[in-house]
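Colleague: Just passing along the structure, written as structure tokens.
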């Protein structure tokens, strides 16, 4: 593992003092602690904001409006806002989309539950990763 | 009724797979594809961008923020879509599937596998579904 010397500005003095004290007690260097802390930090998820999607923006504003009105269910945003529909269930949303698609073809539909946006994490195994052999 | 599926032996380590039919519930179009067994994936199925395009899955996107963890690291955004999954005569349900931007193969995870009686006959490179 190659190592590099770097200079950091803006380190909290109290934190640094405590780290240095503990490093002495543990018999390790401050850089070892910093490396360990940085490795741990890298394990945490990073959520990068994506490019603005007109459909999502419309869905967000509709959800906000319907939540204020006390409405529940699902909304559909078709072709980046060309049309939007309100449904009571996901099954009804699919049924409405199917009927509409038979009459007029569209290319994109976004289905959104009327509730505040939340983030979900799913554990994926290693099957997506391929180990290159014979390197 | 017993369904027998041969492993994919073209990979360095043979990989158990199921032949499945994926149906777009809006356009009613369908594709038949292999789903590789992934007990490490806690969701339903992961689909490639190719399937997304061929099956026109942009018609059934769910506006949810879902991120995939790969063995605890490298989270990446995956896109939930509604699809009908049919595995022979054994399983047919409308499910929430996920499009993974970097996946090269389609995977089936525990949320589906846990509904099936499966037997992995490793030495014979054969998967059986009862």
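Chains as they are written, first to last, in this note's numbering: chain A, 1 to 135; chain B, 1001 to 1130. C-beta atoms are modelled at their ideal positions from N, C-alpha and C, and glycine is treated no differently. Quick caveat: nothing in here was measured; it's all calculated off a predicted structure.
What is the rounded straight-line gap between the Cα of residue 1024 (chain B) and the Cα of residue 96 (chain A)?
Modeller: Counted from its first residue, the second chain places residue 1024 (chain B) at position 24. Counted from its first residue, the first chain places residue 96 (chain A) at position 96. Each residue's Cα considered, the two are about 14 Å apart.
Colleague: Give the residues from the segment 1007 to 1018 of chain B that approach chain A closer than 7 Å (Cβ to any Cβ), ordered along the chain.
Modeller: If the cut-off is 7 Å between Cβ atoms, the segment 1007 to 1018 of chain B has 1012 near chain A.
Colleague: Can you check whether the CB of residue 1045 (chain B) is closer than 8 Å to the CB of residue 1112 (chain B)?
Modeller: Looking up residue 1112 (chain B) in the second chain gives position 112. Looking up residue 1045 (chain B) in the second chain gives position 45. Cβ atoms of residue 1112 (chain B) and residue 1045 (chain B): closer than 8 Å.
Colleague: Between which residues of its own chain and residue 87 (chain A) is the CB-CB distance below 7 Å, once the five residues before and five after are set aside?
Modeller: Taking the first residue of the first chain as position 1, residue 87 (chain A) is located at position 87. If we look at residue 87 (chain A) and ignore the five residues flanking it on each side, its Cβ neighbours are 73, 74, 76, 93 and 96.
Colleague: Check the Cβ of residue 1069 (chain B) against every Cβ in chain A and list those closer than 9 Å, keeping chain order.
Modeller: Taking the second chain and counting its residues from 1, the one referred to as residue 1069 (chain B) is at position 69. Under the 9 Å cutoff, chain A gives 45, 121, 122, 123 and 124.
Colleague: Using a Cβ cut-off of 8 Å (strictly closer), state whether residue 1113 (chain B) contacts chain A.
Modeller: Within the second chain, residue 1113 (chain B) is the residue found at index 113, counting from 1. No, residue 1113 (chain B) does not count as interfacial toward chain A.
Colleague: Do the CB positions of residue 112 (chain A) and residue 59 (chain A) come within less than 8 Å of each other?
Modeller: Numbered from 1 along the first chain, position 112 holds the residue referred to as residue 112 (chain A). Numbered from 1 along the first chain, position 59 holds the residue referred to as residue 59 (chain A). A contact, by the Cβ cut-off of 8 Å.
Colleague: Quick check: the segment 1123 to 1130 of chain B against the segment 1058 to 1068 of chain B, are there 3 or more CB pairs under 8 Å?
Modeller: As far as the Cβ criterion goes, the segment 1123 to 1130 of chain B does not touch the segment 1058 to 1068 of chain B, which means the pair count is below three.
Colleague: Which runs of the alpha helix (DSSP H) at least 4 residues long sit entirely within the segment 67 to 130 of chain A? Give them in chain order.
Modeller: List check, alpha helix (DSSP H) in window: 90 to 103.
Colleague: Measuring CA to CA, which of B:1091, B:1118, B:1117 and B:1056 is closest to residue 1081 (chain B)?
Modeller: Indexing the second chain from 1 puts residue 1081 (chain B) at position 81. Answer by Cα proximity: B:1056.
Colleague: Going by the DSSP bridge assignment, what does residue 1005 (chain B) pair with across the sheet?
Modeller: Counting from 1 along the second chain, the entry for residue 1005 (chain B) is found at position 5. Answer by DSSP bridge pairing, in chain order: B:1127.
Colleague: Considering only the alpha carbon of each residue, which of A:116, A:119, A:108 and A:124 lies closest to residue 53 (chain A)?
Modeller: Your numbering for residue 53 (chain A) matches position 53 in the first chain. Checking every option, the nearest Cα to that of residue 53 (chain A) belongs to A:108.
Colleague: Residue 1121 (chain B) by DSSP, collapsed to three states: which one?
Modeller: Locating residue 1121 (chain B) in the second chain gives position 121, counting from the first residue. It is a strand residue.
Colleague: Within 8 Å (strictly less), CB to CB, does residue 1031 (chain B) reach chain A?
Modeller: Taking the second chain and counting its residues from 1, the one referred to as residue 1031 (chain B) is at position 31. Residue 1031 (chain B) does not count as touching chain A.
Colleague: The alpha helix (DSSP H) spanning residue 23 (chain A) covers which residue range?
Modeller: By 1-based counting over the first chain, the position of residue 23 (chain A) is 23. Per DSSP, residue 23 (chain A) belongs to the alpha helix (DSSP H) from 13 to 26.
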